[in-house]
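Taking it in order: structure first as structure tokens, then the write-up.
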Amino acid sequence: MSDKIRVGVFGAGVAGHHHLEAFSQISESVELVGFTEIDDLRRLEIQNEFDITGYDSTESLIAAEINLGVVALPHDQLFECSVALYDAGCHLLVEKPMGNTLEQAIRLAEIYSQNDDLVASVSFVHRFRPVFTKVHSLLANKILGAVVAVHEHFMYPGDDRVPKWVWDSSKSGGGILLYSGIHNIDRILWFVNGQSTLINGLIGKHSHEFDVEDGVCANIRFDNGTYSSLVGNQPFAVVPTTISRTEVYCKEGTITVSNGTELTYAKSNGEVFEERYDSVGHFEYQATNIVNSIMNGEKPLVSLVDGVRAYELAANIYKSYWNQMTIDCDNN
320 MSDKIRVGVF GAGVAGHHHL EAFSQISESV ELVGFTEIDD LRRLEIQNEF
370 DITGYDSTES LIAAEINLGV VALPHDQLFE CSVALYDAGC HLLVEKPMGN
420 TLEQAIRLAE IYSQNDDLVA SVSFVHRFRP VFTKVHSLLA NKILGAVVAV
470 HEHFMYPGDD RVPKWVWDSS KSGGGILLYS GIHNIDRILW FVNGQSTLIN
520 GLIGKHSHEF DVEDGVCANI RFDNGTYSSL VGNQPFAVVP TTISRTEVYC
570 KEGTITVSNG TELTYAKSNG EVFEERYDSV GHFEYQATNI VNSIMNGEKP
620 LVSLVDGVRA YELAANIYKS YWNQMTIDCD NN
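Numbering (this note's numbering), first residue to last: 320 to 651.
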């Protein structure tokens, strides 16, 4: 395939803007056709920034004969827009969690599986951070032996930097677990490479005017014996220092990643390695991955099935909390 991929971005909010920046950086491979934004002032602002056409509807951008649709809308709009792209014969990069219900995520994966000529991926963009690519390589090559445990911890501001629709369950399907924590869930699944068997979850609602959580805590056991934990908060209180920490314990060493840039890993023989990585570029790496997959007829790094697996685990964390029980995946 020699022609450039014609890309349309649906939604120009926080994530959509990142995608626009990323695809504009690989212009040798793509033609950035345009984007959608229903707010007139915001649409004009983005048009001027990227010198591309802004559209006010999904249908009008699809009609511009795009090949790849990047869907970065609120969760309740992800499924419908993605299905419209499938019906138009377009490749897909959809923001997590692929819908505002697990059923929508499952159905979307089923729909795109019906056409092997279409490439479809979910935007678990943090997989493309070089520091996590390095961690995955260490684990896949068993440099530190088999994985024993993976722990994820984050604390981010829950102020105006979070889109308002996140705090409305009818639009988001859930709070920070589906907005931020699902990235951590995907990372756990990627590193553990196993099926969850036991799940115990708690969620917290500290901002009572909203009907979704701003805190989550979960423990997960996997069929390969590995166990994991997830602790995350996005409070409305002042967060002087954001926290993002990944810890991986292996039979022959340990790994820690702080703030997506600082990697330390130690071997049981006493050797310690410290490395630092850039905090930017992952959206561009993701864009390059899906474009190369389309042009070369290859599978993307992240599949829609990966998105479904992450959503299933998130749904079981919610289920554990609401039913006040440990979820036994083998008997559910």
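Each residue gets a CB set at the ideal place from its N, CA and C atoms; glycine is no exception.
Residue span of the alpha helix (DSSP H) that contains residue i, given as start and end
{"i": "Phe451", "result": "Pro449 to Ala459"}
{"i": "Glu347", "result": "Neither: Glu347 is in no alpha helix (DSSP H) and is coded neither H nor E."}
{"i": "Glu603", "result": "His601 to Asn615"}
{"i": "Phe541", "result": "From DSSP, Phe541 is part of no alpha helix (DSSP H) but of the beta strand (DSSP E) over Gly534 to Phe541."}
{"i": "Lys490", "result": "Ser488 to Ser491"}
{"i": "Ser379", "result": "Thr377 to Ile381"}
Collapsed DSSP secondary structure at residue i in the structure displayed
{"i": "Leu549", "result": "strand"}
{"i": "Met644", "result": "coil"}
{"i": "Phe329", "result": "strand"}
{"i": "Cys400", "result": "helix"}
{"i": "Arg275", "result": "With the chain running from 320 to 651 in the structure shown, residue 275 is simply not present."}
{"i": "Lys483", "result": "helix"}
{"i": "Asn419", "result": "coil"}
{"i": "Phe510", "result": "helix"}
{"i": "Ala391", "result": "coil"}
{"i": "Asn367", "result": "helix"}
{"i": "Tyr405", "result": "helix"}
{"i": "Lys586", "result": "strand"}
{"i": "Glu581", "result": "strand"}
{"i": "Ile425", "result": "helix"}
{"i": "Ile462", "result": "coil"}
{"i": "Ile357", "result": "coil"}
{"i": "Leu339", "result": "helix"}
Between the CA atoms of residue j and residue i - distance to the nearest angstrom
{"i": "Thr565", "j": "Phe473", "result": "9 Å"}
{"i": "Glu528", "j": "Tyr374", "result": "34 Å"}
{"i": "Leu508", "j": "Leu363", "result": "40 Å"}
{"i": "Ser489", "j": "Thr545", "result": "35 Å"}
{"i": "Ser547", "j": "Asn538", "result": "6 Å"}
{"i": "Lys586", "j": "Val621", "result": "29 Å"}
{"i": "Glu414", "j": "Val441", "result": "6 Å"}
{"i": "Asp395", "j": "Val624", "result": "19 Å"}
{"i": "Asn367", "j": "Phe342", "result": "16 Å"}
Nonlocal neighbours in the same chain, by C-beta distance under 6 Å from residue i, ignoring five residues either side
{"i": "Val535", "result": "Leu496, Gly500, Ile522 and Gly551"}
{"i": "Gln514", "result": "Asp542"}
{"i": "Lys524", "result": "Glu532"}
{"i": "Gly418", "result": "Leu397, Phe398 and Ala424"}
Same chain, Cβ closer than 7 Å to residue i, five either side skipped, listed in chain order
{"i": "Val610", "result": "Ile324, Ile345, Ser348 and Val349"}
{"i": "Glu581", "result": "Arg595"}
{"i": "Thr377", "result": "Phe329, Thr355, Cys400 and Ala403"}
{"i": "Arg628", "result": "Leu508"}
{"i": "His601", "result": "Val444, His445, Phe447 and Arg448"}
{"i": "Lys569", "result": "Note that residue 569 is Cys in the sequence shown here, rather than Lys. Within the same chain, Cys569 has close Cβ partners Leu463, Gly464, Ala465, Val466 and Val467."}
{"i": "Val558", "result": "Met474, Tyr475 and Pro476"}
Residue span of the beta strand (DSSP E) that contains residue i, given as start and end
{"i": "Val567", "result": "Ile562 to Cys569"}
{"i": "Ile518", "result": "Ser515 to Gly523"}
{"i": "Ala468", "result": "Val466 to Met474"}
{"i": "Leu411", "result": "His410 to Glu414"}
{"i": "Ser657", "result": "This structure cannot settle anything about residue 657, because the visible part of the chain is limited to 320 through 651."}
{"i": "Tyr374", "result": "Thr372 to Tyr374"}
Spatial neighbours of residue i in its chain, beta-carbon cut-off 8 Å, leaving aside the 5 residues before and after
{"i": "Gly492", "result": "His394, Asp395, Pro416, Gly418, Asn419 and Thr420"}
{"i": "Thr645", "result": "Leu517, Ile518, Asn519 and Ser639"}
{"i": "Val511", "result": "Val466, Val469, Phe541, Asn543, Thr545 and Ser547"}
{"i": "Thr607", "result": "Ile345 and Ser348"}
Stretch-stretch touch, CB-based, cutoff 8 Å, three pairs: the segment 331-344 with the segment 385-400: yes
Inspect the CB distances between the segment 626-643 and the segment 451-468 and report whether three or more fall short of 8 Å. no
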